[in-house]
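*Asks:*
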Amino acid sequence: MSGGAVLWKLFVAFLKVGVFGYGSGPAMLVLIQREMADLGLMDAAQFNDAVAVSTALPGPLA
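Using my numbering, read the sequence shown as starting at 1 and increasing by one per residue.
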């Protein structure tokens with residue numbers, strides 16, 4: 001799959017999350033996880049690791 005195709009699929013995935021997601025960032029994690037799994041970009045363990053690291057780092061959701 002070319003780089004442009006992957007970027008387009010990511011754009012559409014996050015567009016769906018933005019349109020159908022209701023609530024704050026943590027409320028949308030399930031939608032994001034499902035989209036990443038459907039695209040084959042991350043499995044559940046990788047996604048959970050990424051969420052754990054992002055929670056430990058300073059930022060708006062920490």
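Where a beta carbon is used, it is the ideal one built from N, C-alpha and C, also for glycine.
Got a sec, what are the start and stop residues for the alpha helix (DSSP H) D38 sits in?
*Replies:* 29-39
*Asks:* Spatial neighbours of E35 within its chain, please: CB distance less than 7 Å, with the 5 preceding and 5 following residues excluded, ordered by chain position.
*Replies:* Taken in chain order, the residues that qualify are A13, K16, V17.
*Asks:* Once DSSP output is grouped into helix, strand and coil, what is the label at G59?
*Replies:* G59: coil per DSSP, three-state reduction.
*Asks:* Nearest by alpha-carbon distance to V6: which of I32, L41, G23 is it?
*Replies:* Of I32, L41, G23, the residue nearest in Cα terms is L41.
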